[in-house]
Amino acid sequence: MHSSSLVVLSSSSAARPLRRLLLQSFVSARSPSSQHLCFSASSSSSSSSRCSFRSPKRNPSKVFFTAISLMERFWTRTRIGSNKELVEYLQQNGALKSKKVAEVMETVDRGLFVPHGNLPYVDSPMDIGYNATISAPHMHAACLELLEKNLQPGMHALDVGSGTGYLTACFALMVGPQGRVAGVEHIPELVASSIKNIQNSAAAPLLKEGSLVVHVGDGRLGWPDFGPYDAIHVGAAAPDIPRPLLDQLKPGGRMVIPVGTFSQDLKVVEKKLDGSISVHNETSVRYVPLTSREGQLQGY
Ligand code: SAH
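Shown next as structure tokens:
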């Protein structure tokens, strides 16, 4: 990674959050297409180095101005003090275009889902413990937009690796009380805290009446109870697309799933009405792995 604009940053632990944000801003600023495509969830301890992005051509004469713009971007991002401002920020950056998705993201306050001690409205992935992260808001927006047509009122959705429950809650608001949403997460402690988060959020009534559920389980096996699904979101990167998830996708359904190990692509999988499958790559991303519980907790 190009680092000349980062020399001012100390490596002391106090400066680490600032350095991480600047690195992420740096990557965002250099993404040639749009900021929201450049990175996703990654381990908080190394989110910048694990962040995947398309590499544009370097222009040394712009380094100084890039540094200034990075500082400006950093302060803008840390100044964001409310969920509404975060949504406006994503809209201004072109990371969020859909009115419906903006409305839902404004209704579900991300601040309720981010662990205490973090800046809740910064556009970055954040550590949630257990070697997991809550994805960056721009990735949540991107996945909601990719699935929007399959999250209409009354439809069924599955959120694999539901983590904090943020996206699961957004899905539930999209499909409404006639729809069904299941979150599956293999860390029981995260399931317990996600249920508390949702109970404090605008999606609480849907959880109470049972159209939204969160279960402990291996998400690679899906969750057949609410299937087949119009929309499946996978919040962790799989080596391959798990067969049970393809089986639980409804004809006409759409799945968004990061696939790969170090190099990952966010894939959009569509099951046509005749049952055939088409897959295209949406963008390069960096997510935590979809793996076994033991594999994830190694070294934690
Ligand atoms: N989308 C969520 C979490 C993303 S991190 C959010 O933004 O809050 C990915 C999550 O996938 C982690 O919580 C991790 O524990 C979970 N995960 C990884 N492998 C899994 C598996 N096999 N089954 C279920 N959950 C899994």
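In the numbering used here, the protein residues as written are 4 to 303.
Note that CB positions come from ideal geometry on N, CA and C, so glycine has one too.
Per DSSP, cross-strand counterpart(s) of residue i
i, result
"Arg257", "Ala234, Glu273"
"Gln95", "BP columns for Gln95 are empty, so no partner."
"Gln267", "Gly263, Val288"
"Tyr297", "The question names Tyr, but residue 297 is Glu in the sequence shown. According to DSSP, which records beta bridges pairwise, Glu297 is partnered with nothing at all."
"His189", "Answer by DSSP bridge pairing: none, since His189 is not bridged."
"Ala240", "Pro292"
"Ser281", "Glu273"
"Arg183", "His159"
"Val216", "Ala185"
"Leu252", "Tyr232"
Where residue i falls, given that 16 or more other Cβ within 10 Å makes a residue buried
i, result
"Gln303", "For the sequence presented, residue 303 should be read as Tyr rather than Gln. That one is exposed."
"Thr264", "exposed"
"Ser138", "buried"
"Pro245", "buried"
"Ile235", "buried"
"Pro140", "buried"
"Pro128", "buried"
"Asn203", "exposed"
"Pro261", "buried"
"Leu252", "buried"
The ligand SAH heavy atom lying under 8 Å from the CB of residue i
i, result
"Ala175", "no"
"Ser266", "no"
"Tyr169", "yes"
"Ala135", "yes"
"Asp250", "no"
"Val184", "no"
"Ser127", "no"
"Ile235", "no"
"Arg246", "no"
"Val291", "yes"
"Ser281", "no"
"Val163", "yes"
"Leu193", "yes"
"Phe229", "no"
"Gly166", "yes"
"Gly238", "yes"
Residue i Cβ short of 8 Å to the ligand MN heavy atom set
i, result
"Thr110", "The ligand MN is absent from the structure shown, which contains only the ligand SAH."
Inside the region 80-165 only - beta strand (DSSP E) runs reaching at least 3 residues | For the region 80-165, whole beta strand (DSSP E) runs of length 3 or above, ordered along the chain, are 129-132, 135-137, 159-163.
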